[in-house]
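S.K.: First to last, the sequence lines map onto chains A and B. Sequential numbering of the first sequence, starting at 1, is according to the numbering used here. Sequential numbering of the second sequence, starting at 82, is according to the numbering used here. Take this structure first; my questions come after.
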Amino acid sequence: MKAKIYITLKNGILDPQGRAIQQSLQTLGFGTVGEVRIGKFIEVDLSETDTTSAENTIKAMCEKLLANTVIEEYQYEILET
Amino acid sequence: MNIGIIVFPGSNCDRDCAYVLSEVMGQTAHFIWHQETSVNGMDAIILPGGFSYGDYLRTGAIARFSPIMDAIAEFAGRGGMVLGICNGFQMLLELGILPGAMLRNRDLSFICEDRYIRVENADTPFTNQCKPGQILRLPIAHAEGNYYTNPVTLSALQANAQIVFRYCDREGQVTSQANPNGSLDNIAGIRNPAGNVLGLMPHPERGAEHLLNNEDGVCLFRSMISALEKHKTPQPV
Chain A
1 MKAKIYITLK
11 NGILDPQGRA
21 IQQSLQTLGF
31 GTVGEVRIGK
41 FIEVDLSETD
51 TTSAENTIKA
61 MCEKLLANTV
71 IEEYQYEILE
81 T
Chain B
82 MNIGIIVFPG
92 SNCDRDCAYV
102 LSEVMGQTAH
112 FIWHQETSVN
122 GMDAIILPGG
132 FSYGDYLRTG
142 AIARFSPIMD
152 AIAEFAGRGG
162 MVLGICNGFQ
172 MLLELGILPG
182 AMLRNRDLSF
192 ICEDRYIRVE
202 NADTPFTNQC
212 KPGQILRLPI
222 AHAEGNYYTN
232 PVTLSALQAN
242 AQIVFRYCDR
252 EGQVTSQANP
262 NGSLDNIAGI
272 RNPAGNVLGL
282 MPHPERGAEH
292 LLNNEDGVCL
302 FRSMISALEK
312 HKTPQPV
C-alpha cells in the first residue's frame, strides 16, 4: 500500500511563503488568485495489507513525527498498489 | 562545573559553547554525542545551535528523537538545567519540554545580525546575574525563529513570567519594528514553569568575549554557574 500525506499550516496561522507566492501569481496576471497555502507532500510505502491498520499507522506517524500539530494539520489518502 | 554539550550531526555552535564555557568561564565542557543515552555526572546541559539533521522535515523534529533525548527529558524532569540555543530551542519545542512551535521568519529570509533583547525575568537560573530590564545585544542567525503558540498558552507564558527575553530596540522598547522575525509578543526566549529549562533564539555564546567586542552573552553563563553553585543538580539515585 501507499500513503499520500499532505501537511499544511493550520487555518489562521500566517503562511509567509503562501503569501509571497500569492503576490507573485497576482503580479503575473493571474487575477483570480485568492489565498495560497504552502504545505508538504509525503509519500510512504507500507507493507501492510489491511487499510484500517494502515490508516492507524499513518495517523500515528503524523501525530508523532510528520506533522507538528501545534501549527500544522494533516490529511492522507491510502492507495492499494 | 561539568557542562554537557550535546552534539548532533549538523550542530555548528557546539564548539563555540565549549570554548566560552572552558576558556572564558573556566568550567569543564563535555561533548556528548547524540547517540549516547546518559548525561550522568553533568551539572547542566546545553543543546547548541546549528542545523541538526539538515533541518529536514522541521527544525529539531528529527533530533528530538535522538537516543540522548530521553536522558535529557529525565534530567530536566529532576530539575537539571537545560539551555537550548537557537536549534536547541527548536528541539525543546519539538520535545514539548517548552510549549509552542517555530514558523518561518515573517519575511522568509535567514537573518544573521545583531539584535537587542530585553531581560523580562531576571529571577531565573539563566538570568540571575542580569538586571531586570537589562538590554543585551546578541547575534541571531536563523530562518525559523518566528515563535507561535495558541492564545491560551501565550496568556499562561505571560502570567507565569515565562517570557524571559523579548526583542526590543536599542532603548529597550518592545516594538513590532524591533521584532526581526514576526515572533509572537516579540518572544526571543522562554522558560518552563519550573524555571530550569530555557530556550532562546539569540546566541549568547557568540557574544561572550571582549575580543569579539561583545560580552553581553556572559551574563547568561555567569547566571547558570552562580545558580549551580547555590543549588547543585540532584544526581539520579
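Glycine is no exception: its CB is placed at the ideal position from the N, C-alpha and C atoms.
Is there contact here, the stretch 191–204 of chain B with the stretch 138–158 of chain B, by at least three beta-carbon pairs under 8 Å?
M.R.: At 8 Å Cβ cutoff, the stretches do not touch.
S.K.: May I ask which residues mark the beginning and end of the beta strand (DSSP E) holding residue 106(B)?
M.R.: Premise fails: residue 106(B) is in no beta strand (DSSP E) and is neither H nor E.
S.K.: Residue 126(B) and residue 88(B) - do their beta-carbons sit closer together than 9 Å?
M.R.: The answer is no: Cβ separation not under 9 Å.
S.K.: Tell me whether residue 207(B) is buried or exposed, calling it buried when 16 or more other Cβ atoms sit within 10 Å of its Cβ.
M.R.: With 16 or more other Cβ atoms within 10 Å, it is buried.
S.K.: May I have the straight-line CA-CA distance separating residue 309(B) from residue 228(B), to the nearest angstrom?
M.R.: Taking the straight line from one Cα to the other gives about 29 Å.
S.K.: Between the stretch 107–116 of chain B and the stretch 59–76 of chain A, do three or more beta carbon pairs fall short of 8 Å?
M.R.: Too few Cβ pairs lie closer than 8 Å, so no.
S.K.: Restricting to Cα atoms, I'd like to know which of 287(B), 94(B), 82(B) is closest to residue 220(B).
M.R.: Comparing Cα positions, the closest option is 287(B).
S.K.: By DSSP's criteria, residue 184(B) is part of a beta bridge. Which residues make up the other side?
M.R.: In DSSP, residue 184(B) forms a bridge with 227(B).
S.K.: Using a C-beta to C-beta distance shorter than 9 Å, which residues of chain A count as neighbours of residue 184(B)?
M.R.: Residues of chain A passing the Cβ test: 9, 13, 14, 15, 16, 71.
S.K.: Could you tell me the distance, in whole angstroms, from the CA atom of residue 123(B) to the CA atom of residue 86(B)?
M.R.: Using only the alpha carbons, I get a separation of about 10 Å.
S.K.: Roughly how far, in whole angstroms, is the beta-carbon of residue 57(A) from the beta-carbon of residue 48(A), given that I think they are within contact range, below 8 Å?
M.R.: Sure, about 7 Å apart at Cβ, within 8 Å.
S.K.: Is the Cβ of residue 187(B) closer than 9 Å to any Cβ of chain A?
M.R.: Yes, residue 187(B) counts as interfacial toward chain A.
S.K.: Mind the definition here: the stretch 130–146 of chain B touches the stretch 236–248 of chain B only if three or more C-beta pairs lie below 8 Å; say whether that holds.
M.R.: No, because fewer than three Cβ pairs between the stretch 130–146 of chain B and the stretch 236–248 of chain B fall closer than 8 Å, the two stretches do not touch.
S.K.: If you draw a straight line from the alpha carbon of residue 6(A) to that of residue 141(B), how long is it in whole angstroms?
M.R.: Going by the C-alpha atoms only, they are around 20 Å apart.
S.K.: How about residue 202(B) and residue 272(B): do their beta carbons lie closer than 9 Å?
M.R.: Contact: yes.
S.K.: Please state if the CB of residue 284(B) and the CB of residue 94(B) are separated by a distance shorter than 9 Å.
M.R.: Yes, they are a contact pair.
S.K.: Quick check on residue 258(B): does DSSP put it in helix, strand or coil?
M.R.: Coil, per DSSP.
S.K.: What residues in its chain sit with their C-beta under 7 Å from that of residue 181(B), if we drop five residues either side in the sequence?
M.R.: Excluding sequence neighbours, residue 181(B) sits near 174, 228, 229, 230, 234.
S.K.: Work out the CA separation of residue 11(A) and residue 274(B) for me, nearest whole Å.
M.R.: One C-alpha to the other measures close to 29 Å.
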